[in-house]
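Read the structure below first, then the notes.
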Amino acid sequence: MATPITTTTKTNFFSPLPIKPQRAALMGQKPRAMGLKVQASLKEKAVTGLTAAALTASMMVPDVAEAAELSPSLKNFLLSIAAGGVVLTAIVGAVVAVSNFDPQNGMIW
């Protein structure tokens, strides 16, 4: 037989933590109107631009553009993986549907 819960455990069950003074001071500040602003240096912008230009120029070369395409065997391999995922999803969906359609109470007769 279970013992009843005493009143001391009921009162001690939920005791919220006190707010720290540092956190309260931060919450009292005004929020920034613009939010977080990301700034990049001129050097970072130049490197990003040069990288994009080099990638675009390399795709203009026919050999590089040919290498970037999918070969038929790689395409078929990726499609077979996708088809296997579809079949696996259908099997799991069927198992879930049947288990929801015919629930068991734990007694087998």
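Residue numbering for the sequence shown follows UniProt numbering, starting at 1 and increasing by one per position. Every residue gets a Cβ at the ideal spot worked out from N, C-alpha and C, and that includes glycine.
query: MET59 and ALA68 - do their beta-carbons sit closer together than 8 Å?; result: yes
query: What is the residue span of the alpha helix (DSSP H) that VAL98 lies within?; result: 72-101
query: If I measure Cβ to Cβ from VAL47 and keep anything under 6 Å in the same chain, skipping five residues before and after, which residues do I get?; result: none
query: Name the two residues that bound the continuous alpha helix (DSSP H) containing LEU17.; result: Where LEU17 is concerned, there is no enclosing alpha helix (DSSP H), given that its DSSP letter is neither H nor E.
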